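Trainee: The numbering used here applies: residue 4 is where the sequence shown begins, and numbers increase by one.
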Amino acid sequence: LFADFLSSMRADLTVTHYPTYADLQGYVHGSAAVIGLQMLPVLGTVTPREEAAPHAAALGVAFQLTNFLRDVGEDLDRGRVYLPGDLLAAHGVDRSLLEWSRRTGRRDRRIRAALMAAEAMTRRVYRTAEPGIAMLDPRVRPCIRAAFTLYGGILDAIAEQDYSVLHRRAVVSRRRRAATAAAGVLRVAAARWRPRAPRRAVPAGGPAVEWKGPVR
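#1: Would you mind working out which of 19, 67, 146 and 72 sits nearest residue 34, comparing C-alpha positions?
#2: If we count the other Cβ atoms within 10 Å of its Cβ and call it buried at 16 or more, is residue 45 buried or exposed?
#3: Buried or exposed: where does residue 4 fall if 16 or more other Cβ atoms within 10 Å of its Cβ makes it buried?
#4: Apart from the five residues on each side of it in sequence, which residues of its chain come closer than 6 Å, Cβ to Cβ, to residue 61?
#5: Please return the same chain residues whose Cβ sits closer than 6 Å to the Cβ of residue 117, not counting the five positions on each side in sequence.
#6: Return the first residue and the last residue of the alpha helix (DSSP H) that residue 58 is part of.
#7: For residue 139, list the residues DSSP reports as bridge partners.
#8: Residues in the same chain with beta-carbon distance under 6 Å from residue 83, minus the five sequence neighbours each way, listed in chain order, please.
#9: Rounded to whole angstroms, what is the Cα-Cα separation between residue 102 and residue 79?
#10: Could you tell me whether any Cβ in chain C is nearer than 7 Å to the Cβ of residue 150?
#11: How about residue 37 and residue 8: do their beta carbons lie closer than 7 Å?
#12: Rounded to the nearest angstrom, how far is the Cβ of residue 69 from that of residue 23, given a contact under 8 Å?
#13: In this structure, how does DSSP classify residue 84 when only helix, strand and coil are distinguished?
#14: Per DSSP, residue 20 forms a beta bridge with which residues?
#15: Taking DSSP as the reference, what is the three-state secondary structure of residue 128?
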């Protein structure tokens, strides 16, 4: 897994685009899927690890695809396009059109359609990943659920900003971040709280009785 990660990092030195989604999957396996897989033995699972593995890998990929969509403009400035070429071509989009939009600040319906398709593709990966959260150790589920929610919130922000990622960076609102943090705290508290049996005192020479106060 570590070797696959380094292979994808090395690819960033020379590869500037991925002609098909299949090509991109090779990259995101090393850049993202392996991170989820490496985290499994650290986080712990309540199911056999091999059962949770596909979902953990998918969660890493979902996060990575979200970054690609959010950072289209910034990546383009660095000479890279991570959205798969076949997805862009299906909507009449190529690198030159993306660069024109980035440079001029003008928008194009074809770019919007391609970004919408990329969002839909990413949400499908999230749906594959989500069942894996319940397979994790209960202690770590709240933090992974929070990450899942916040990264999904980036997709929501992109849609709310009408897919203007070539011109501004989509961010999750402070209100949503605060709500997610509060929900996470409650989940942690719920995971740690366990109802306790009533404390009982045993008077000398007598049967056990429910303890309702100090023994006098």
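For each residue, glycine too, the CB sits at the ideal point set by N, CA and C. Every value quoted in this text rests on a predicted model; they were computed, and no experiment measured them.
Mentor: Taking the structure as given:
#1: 67
#2: By the beta-carbon neighbour count (other beta carbons within 10 angstroms, threshold 16), residue 45 is exposed.
#3: So residue 4 ends up on the exposed side.
#4: Taking residue 61 as the centre and dropping the five residues before and after it, the same chain places the C-beta of 128, 131 and 132 closer than 6 Å to its C-beta, in chain order.
#5: 91, 94 and 96
#6: 52-73
#7: For residue 139, which the question treats as bridged, DSSP gives the partners 48.
#8: 19
#9: Each residue's Cα considered, the two are about 7 Å apart.
#10: Here there is only one protein chain, and chain C is not present.
#11: yes
#12: Contact flag wrong, Cβ pair sits at about 20 Å.
#13: strand
#14: Checking the DSSP bridge columns, you'll see residue 20 partnered with 84.
#15: The three-state reading of DSSP puts residue 128 in helix, counting H, G and I together.
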